[in-house]
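Participant: Take this structure, written in structure tokens, and hold onto it; I'll ask about it next.
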Amino acid sequence: MKSMSGWRLSLLCVASIGFMLMGGPARADAGSDLFVNAFASDWPRTDFSNHTVSADAFLSGGPVRDGIPPIDAPQFEVLKNGVATGWARNLAPEEPVIVLSLNGETRAYPLEIMLWHEIVNDTVGGVPVAVTYCPLCNAALAFKREVDGELLDFGTTGLLRKSNLVMYDRQTESWWQQFEGRAVVGTWAGTKLTMISTGIESFADYGRENPSGKVLVPSDPAIRPYGQTPYLGYDSNRTAQFLNGEVDTSPLEPMDAVVMIRGRTSPLAISEAYLREAGTVTVDGLTITWQAGMSSVLDTRKVRNGRDVGKIKVSRNENGVSKPVPYSRTFAFVFRSFFPGGLILDRCDGTEGHPDVDCHS
């Protein structure tokens, strides 16, 4: 296993404690006292009587609340004929960006910025959204910020659960699990945010497809070493970080990259190594492709030099038209931490015992 960088260690010096899932929102019980004892001094507005997980599910990630500062007033550069003319010229063609399109408006959020901020509170196509990225899970997800008519904006708690970012809303200080988009503690416990489909594309592809597209740029390029990663060699580690106990990730290793298909009744993930080998895999009518040309932000210190982890596309043919399908790139341990019984395919002949899965390459 590669050693973590000094930045990584300073961000994530932590003592771990066990975790346990509970049935539904629990109210005014001994578990609530554990929350109050552990967290109330830092979170006086959080309703700890309402929670769906136990207090010992959470780890300190090192930084304090908003120590990883969200972006609340995002600034964007507009491409000219697909070419950057300002700060975005620092982005290499192969660098990954989160792409979000709503109501005719498309924006790109470079991961080299997101890994320093993790959350962008934005409005796209007139819709208030939270664009999020958890480096420890390599999970990029976006959500609508309106819940039951109330507009929320999000920050980082500085806590982790299952090695995943725990967000909070500033209105009630409820805690939200990024990978699920679900509140697990506080007023909104048990409530789920509406997820918005996003993609991860190379900056070059984004420019070709969106010649007048907008690209997130830093408000102050000097406040963080953008273009560098504090997660040096993270996605080459053999051991998952900040887990409480073992997670069965068979047939893969915990840190093996997978593509999770979202929106299915039964959770399903596919090995990225298998996709890379096969090029194209068809699962239950979905076409999943891998193509070279996008770099990792969790590899070398300079993001532009990160190894090629490839571009993923997931689509479904509807009346002769290819339609994108929501998916998440993450690690095997993340998928199985949240979906313990979920199927992981490392090859198409690995569907034995799953007659509902049709897979071929």
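First residue of the sequence shown: 418, per my numbering; consecutive thereafter. Where is the CB? At the ideal position from N, CA and C, for every residue including glycine. None of these values were measured; they are calculated from a predicted model.
(1) Whole angstroms are fine: how far does the CA of residue 581 sit from the CA of residue 477?
(2) To which residues does DSSP link residue 687 through a beta bridge?
(3) For the segment 566-635, list the alpha helix (DSSP H) runs that are entirely contained and at least 4 residues long, ordered along the chain.
(4) Rounded to whole angstroms, what is the Cα-Cα separation between residue 565 and residue 468?
(5) Return the residue from the list 624, 619, 569, 628 that minimises the CA-CA distance to residue 608.
(6) Would you please state the rounded distance, in angstroms, between the beta carbons of residue 741 and residue 616? I believe it to be under 8 Å.
(7) Return helix, strand or coil for residue 530, following the three-state DSSP convention.
(8) Could you pull out every residue in the same chain whose Cβ sits closer than 6 Å to the Cβ of residue 778, ignoring the five residues on either side in sequence?
(9) Would residue 474 be called buried (16 or more neighbouring beta carbons within 10 Å of its own) or exposed?
(10) Answer with buried or exposed for residue 369, where buried requires no fewer than 16 other C-beta atoms within 10 angstroms of its C-beta.
(11) Just reading off the alpha helix (DSSP H) that residue 749 is part of, what are its end residues?
(12) Compute the Euclidean distance between the alpha carbons of residue 520 and residue 543, then round it to the nearest angstrom.
(13) With DSSP run on the structure shown, which of helix, strand or coil describes residue 694?
(14) Using CA atoms only, rank isn't needed, just tell me which of 587, 602, 495 is closest to residue 451.
(15) Got a sec? Which residues, its chain only, sit under 7 Å from residue 539 by beta carbon, not counting five neighbours each side?
(16) Helix, strand or coil for residue 496? Go by DSSP, reduced to three states.
(17) Beta-carbon within less than 6 Å of residue 531's beta-carbon, same chain only, minus the 5 sequence neighbours each way: which residues are those?
(18) So what's residue 648 in DSSP terms, helix, strand or just coil?
(19) Can you list, in chain order, the residues of its chain whose CB lies under 6 Å from that of residue 484, leaving out five sequence neighbours each side?
(20) Between residue 649 and residue 718, what straight-line distance do the alpha-carbon atoms span, to the nearest angstrom?
(21) Taking buried to mean at least 16 other C-beta atoms within 10 Å of its own C-beta, is residue 775 buried or exposed?
(22) Report the partner residues of residue 658 according to the DSSP bridge assignment.
(23) Run through DSSP, which three-state label would residue 745 get?
(24) Under the three-state reduction of DSSP, which class applies to residue 560: helix, strand or coil?
Facilitator: Well, looking at it:
(1) Residue 477 sits at position 60 when you count from the first residue of the sequence shown. Residue 581 sits at position 164 when you count from the first residue of the sequence shown. If you take the alpha carbons of residue 477 and residue 581, they lie about 11 Å apart.
(2) As a working mapping, residue 687 is identified with position 270 in the sequence shown. Answer by DSSP bridge pairing, in chain order: 676, 762.
(3) Counting whole runs of 4 or more residues, the segment 566-635 contains the alpha helix (DSSP H) stretches 620-626.
(4) Working through the sequence shown from its first residue, we reach residue 565 at position 148. Working through the sequence shown from its first residue, we reach residue 468 at position 51. Cα-Cα distance, rounded: 19 Å.
(5) In the sequence shown, residue 608 corresponds to position 191, counting from 1. Residue 569 holds the alpha-carbon nearest to the alpha-carbon of residue 608 among 624, 619, 569, 628.
(6) Along the sequence shown, one-based indexing puts residue 741 at 324. Along the sequence shown, one-based indexing puts residue 616 at 199. 7 Å between Cβ atoms; contact.
(7) Taking the sequence shown and counting its residues from 1, one reaches residue 530 at position 113. If DSSP states are grouped into helix, strand and coil, residue 530 belongs with the helices.
(8) Here residue 778 corresponds to residue number 361 of the sequence shown, with the count starting at 1. The beta carbon of residue 778 sits closer than 6 Å to the beta carbons of 695, 698, 765 from its chain, once the five residues preceding and following it are set aside; these are given in chain order.
(9) Within the sequence shown, residue 474 is the residue found at index 57, counting from 1. By the neighbour-count rule (16 or more Cβ atoms within 10 Å), residue 474 is buried.
(10) Any question about residue 369 goes unanswered here, given that the chain covers just 418 to 778.
(11) One-based indexing of the sequence shown puts residue 749 at position 332. Taken as a continuous stretch (DSSP letters only), the alpha helix (DSSP H) holding residue 749 covers 749-755.
(12) For the purposes of this step, residue 520 is identified with residue 103 of the sequence shown, where counting begins at 1. For the purposes of this step, residue 543 is identified with residue 126 of the sequence shown, where counting begins at 1. The straight-line gap separating the alpha-carbon atoms of residue 520 and residue 543 is approximately 8 Å.
(13) One-based indexing of the sequence shown puts residue 694 at position 277. Collapsing the DSSP output to three states places residue 694 in a helix.
(14) Along the sequence shown, read from residue 1 onward, the residue named residue 451 stands at position 34. Considering only alpha carbons, the answer is 602.
(15) Position 122 of the sequence shown holds residue 539. Excluding positions up to five away in sequence, the list reads 491, 546, 548.
(16) Locating residue 496 in the sequence shown gives position 79, counting from the first residue. Coil.
(17) Sequence index remark: in the sequence shown, residue 531 carries index 114 (1-based). Closer than 6 Å at Cβ, skipping near neighbours: 550.
(18) What you label residue 648 is simply residue 231 of the sequence shown in a count that begins at 1. Three-state result, residue 648: coil.
(19) Residue 484 sits at position 67 when you count from the first residue of the sequence shown. Shown here for residue 484: same chain residues with a beta carbon closer than 6 Å to its own, the five before and five after excluded, namely 575 in chain order.
(20) Looking up residue 649 in the sequence shown gives position 232. Looking up residue 718 in the sequence shown gives position 301. In this structure, the CA atom of residue 649 is about 6 Å from the CA atom of residue 718.
(21) For the purposes of this step, residue 775 is identified with residue 358 of the sequence shown, where counting begins at 1. Flag for residue 775 reads exposed.
(22) To locate residue 658, count along the sequence shown from 1; it is residue 241. Bridge partners of residue 658: none, in fact.
(23) As a position in the sequence shown, residue 745 is number 328, starting the count at 1. Strand, per DSSP.
(24) Stepping through the sequence shown from its first residue, residue 560 is reached at position 143. Strand.
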